[in-house]
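Just so you know, the sequence shown maps onto residues 12 to 463 in the working numbering.
Where is the CB? At the ideal position from N, CA and C, for every residue including glycine.
Presented below is the structure to which this report refers.
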Amino acid sequence: VETMKEHHFQQQQFSLQTIFCDHDGSFIKPGHSYKCMECSMVVHRRCRSKVGDYCGYQGNALEAYEIWKKKHKSDPDYNYQYNGDLCEIYSRFDRFDQLNNVKEVIQRMSKLHHSNTTSGFQMNEIQFLTTLGFGMTGSVYLVKRGECYYAMKTLRKNLILEGQNLEYVKSERDILIQCRSNPFIVKLFYAFQNVERLFFLMEVARAGTLFNILEYQAPKPFKQDRIVFYTGEIICALIFLHSKRIVYRDLKPENVFLFDNGHVKLGDFGLSKQNVDNNHKTRTMCGTAEYIAYEIYHRDSYDENVDWWSLGILIFELSTFKTPFYANNSTDITRNVLSDQVSYPETMIKETRQIISGLLERDPKRRLGNIISPHGLLKDQPFFREPYTFDAIENRLVRPPWTPTSLISFKTKTKIPQLSELDPKDALLLLSTPEDTFRNFSYISQDLITFL
Numbered sequence: 012v013e014t015m016k017e018h019h020f021q022q023q024q025f026s027l028q029t030i031f032c033d034h035d036g037s038f039i040k041p042g043h044s045y046k047c048m049e050c051s052m053v054v055h056r057r058c059r060s061k062v063g064d065y066c067g068y069q070g071n072a073l074e075a076y077e078i079w080k081k082k083h084k085s086d087p088d089y090n091y092q093y094n095g096d097l098c099e100i101y102s103r104f105d106r107f108d109q110l111n112n113v114k115e116v117i118q119r120m121s122k123l124h125h126s127n128t129t130s131g132f133q134m135n136e137i138q139f140l141t142t143l144g145f146g147m148t149g150s151v152y153l154v155k156r157g158e159c160y161y162a163m164k165t166l167r168k169n170l171i172l173e174g175q176n177l178e179y180v181k182s183e184r185d186i187l188i189q190c191r192s193n194p195f196i197v198k199l200f201y202a203f204q205n206v207e208r209l210f211f212l213m214e215v216a217r218a219g220t221l222f223n224i225l226e227y228q229a230p231k232p233f234k235q236d237r238i239v240f241y242t243g244e245i246i247c248a249l250i251f252l253h254s255k256r257i258v259y260r261d262l263k264p265e266n267v268f269l270f271d272n273g274h275v276k277l278g279d280f281g282l283s284k285q286n287v288d289n290n291h292k293t294r295t296m297c298g299t300a301e302y303i304a305y306e307i308y309h310r311d312s313y314d315e316n317v318d319w320w321s322l323g324i325l326i327f328e329l330s331t332f333k334t335p336f337y338a339n340n341s342t343d344i345t346r347n348v349l350s351d352q353v354s355y356p357e358t359m360i361k362e363t364r365q366i367i368s369g370l371l372e373r374d375p376k377r378r379l380g381n382i383i384s385p386h387g388l389l390k391d392q393p394f395f396r397e398p399y400t401f402d403a404i405e406n407r408l409v410r411p412p413w414t415p416t417s418l419i420s421f422k423t424k425t426k427i428p429q430l431s432e433l434d435p436k437d438a439l440l441l442l443s444t445p446e447d448t449f450r451n452f453s454y455i456s457q458d459l460i461t462f463l
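Written out as structure tokens, the structure is:
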């Protein structure tokens, strides 16, 4: 290995060319880029001090990483939880710059790795069965360990960094941990990582989501008791979140998971925000267009009452198979939310129309769900009636009105899914990321410990 050396960054002339930072992957404003005159690395001004002294040594570091990865993938003691591997490879090049053989670096890396593994089970104990879904930064798989089945959400670290979504991911983990005892929210068993990805191991909803059920059910309408039951369980989840000062912000059929016993639970907290209440509001524009609340489109500060608006949209959709402000593009949806009145079908019963109307109040102070709403309390609405009163649903005193029969198969597919390899550019982004970036991500629940 040759002697390590610093980068020599110089500010670049103003240019309208689109440039992205080679350190954190995000966009660099014109006139704010700095380029290394030796290796051509381009970074933000703020990132210059964060880049390691490895000018010209990306190739050596990548070689070390690939050798190390191949060595440990076949190791039965390999545990994916330790995160410092990539960064330590760079630090080893820095500290042992007189080494002539990269294998010695790998040997040092191996000792370091085994001294830093934490409790949990090993990645090679997990059997991938099928792919359940895809997202912007990763995928969700049905997996098996022993006799237990789980949904495993995988997130690529490089995409998290490029999209500047790390705080959202950490927040999602924290929220799932806070909600671990709530029966109306998907349970997290295990959060862990390897050098390339973050993982959430969660309970699996074998009946899919309400979105799947809507597709399967249409155009045959849901029975009223199913709409009431699902609504009640969703309200229970939202009340719990709001009691923890968490605003959900992404209520839609795709995020309501249906289990084989007929109960539903909320999942996917990637857009949720903590520490929000009437005295501490937020202004971030986010959510799914058809479900975003009036005050968000109006660019007002907002609190947890945006979730009640989204619930009104969802009840309307369960009743009619369409959303009330639907349009072909987000601009028209925005206009509809800000100015249009809801058109209710004549077949909709009075109690359903009443609860939707209260939830879709444009003034969040008057909106049903707000404790000062003139419409009263949600749990007292005539929409909830025997046997599916709100108290009965909340305390699980009634059975679900419908039990799904079409379930996700636990049988192994002919084509077993595999995690894709990172390309060299993505690996370099992770190599230059500070080693404490993903520190303290891991979590293991008491429920899982009992099976280890």
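Can you tell me whether DSSP reads residue i as helix, strand or coil?
| i | result |
| --- | --- |
| Phe20 | strand |
| Phe452 | coil |
| Ala304 | coil |
| Ala216 | coil |
| Asn204 | At residue 204 the sequence reads Gln, which differs from the Asn that was named. Note: Gln204 maps to strand in three-state DSSP. |
| Asp33 | coil |
| Met134 | helix |
| Tyr259 | coil |
| Tyr179 | helix |
| Tyr2 | A question about residue 2 goes unanswered here, because the residues of the chain that appear run from 12 up to 463. |
| Cys47 | strand |
| Val53 | strand |
| Cys98 | Its pLDDT being 46, under 50, Cys98 is placed unreliably by the model, and the measurement read from it follows with that caveat. Three-state DSSP puts Cys98 in a helix. |
| Arg227 | Position check: residue 227 holds Tyr in this sequence, whereas Arg was assumed. In the structure shown, Tyr227 sits in a helix (DSSP, three-state: H, G or I). |
| Ala338 | coil |
| Ile250 | helix |
| Phe280 | coil |
| Ile419 | coil |
| Asp288 | strand |
| Lys155 | strand |
| Arg167 | strand |
| Ile427 | coil |
| Ser60 | helix |
How would you label residue i, buried or exposed, when you count the other beta carbons within 10 angstroms and need 16 or more for buried?
| i | result |
| --- | --- |
| Pro335 | buried |
| Phe210 | buried |
| Ile427 | exposed |
| His309 | exposed |
| Glu49 | exposed |
| Ile360 | exposed |
| Asn3 | Outside the modelled stretch of the chain, which goes from 12 to 463, sits residue 3, for which no answer is possible. |
| Thr444 | buried |
| Leu269 | buried |
| Phe145 | exposed |
| Cys190 | buried |
| Glu372 | buried |
| Asp434 | exposed |
| Ser350 | exposed |
| Asn94 | In this predicted model, Asn94 has a pLDDT of only 38, less than 50, meaning its place in the structure is not dependable enough to derive any value. |
| Phe104 | The predicted position of Phe104 is uncertain, since its pLDDT is 48 and thus under 50; a value taken from the coordinates is nonetheless stated next. By the neighbour-count rule (16 or more Cβ atoms within 10 Å), Phe104 is buried. |
| Tyr227 | exposed |
| Arg57 | exposed |
Have a look at residue i and residue j and give me their C-alpha separation to the nearest angstrom.
| i | j | result |
| --- | --- | --- |
| Asp236 | Ala403 | 13 angstroms |
| Arg346 | Asp311 | 16 angstroms |
| Arg9 | Thr142 | There is no way to answer for residue 9, as the model of the chain reaches only from 12 to 463. |
| Asp437 | Ile39 | 18 angstroms |
| Asp88 | Leu140 | Low local confidence applies: a pLDDT of 42 at Asp88 is under 50, so the model's placement there is unreliable, with the coordinate-based value given in what follows. Going by the C-alpha atoms only, they are around 23 angstroms apart. |
| Pro412 | Gln175 | 43 angstroms |
| Ser420 | Val267 | 19 angstroms |
| Lys276 | Glu405 | 12 angstroms |
| Lys376 | Asp314 | 11 angstroms |
| Ala229 | Val353 | 21 angstroms |
| Leu97 | Phe449 | At Leu97 the pLDDT is 45, less than 50, meaning the model places this residue with poor confidence and gives no usable figure here. |
| Ile159 | His274 | Residue identity differs from the one stated: residue 159 is Cys in this sequence, not Ile. Distance between the alpha carbons of Cys159 and His274: 20 angstroms. |
| Asp318 | Val53 | 42 angstroms |
| Met120 | Lys168 | For Met120, the pLDDT reaches just 43, beneath the cut-off of 50, and the residue's location in the model is therefore unreliable, although a value from the coordinates is still provided. Distance between the alpha carbons of Met120 and Lys168: 21 angstroms. |
| Ala248 | Ile196 | 6 angstroms |
| Ile383 | Phe240 | 25 angstroms |
| Ile186 | Ser192 | 12 angstroms |
| Phe31 | Phe452 | 27 angstroms |
Can you find a C-beta in chain B that's less than 9 angstroms from the C-beta of residue i?
| i | result |
| --- | --- |
| Glu226 | Reference to chain B is not applicable here, since this structure consists of a single protein chain. |
Assuming residue i and residue j are in contact, meaning their beta carbons sit under 8 angstroms apart, how far apart are those beta carbons, in whole angstroms?
| i | j | result |
| --- | --- | --- |
| Leu199 | Met163 | Between Met163 and Leu199 the Cβ distance is about 11 angstroms, and since that is not below 8 angstroms, they are no contact. |
| Gln22 | Tyr45 | 5 angstroms |
| Pro472 | Leu225 | The structure shown does not extend to residue 472, since the chain spans only 12 to 463, so no value can be given for it. |
| Ile238 | Glu301 | In fact, because the Cβ distance is near 18 angstroms, the residues do not count as touching under 8 angstroms. |
| Tyr201 | Gly281 | About 18 angstroms; that fails the 8 angstroms criterion. |
| Phe394 | Thr416 | At roughly 27 angstroms, the Cβ-Cβ gap does not stay under 8 angstroms, so Phe394 and Thr416 are not in contact. |
| Arg260 | Lys231 | Not confirmed; about 31 angstroms, so no contact. |
| Trp320 | Arg378 | 7 angstroms |
To test your reading of the DSSP string, which unbroken beta strand (DSSP E) runs of 3 or more residues are found completely within the segment 315-396?
none
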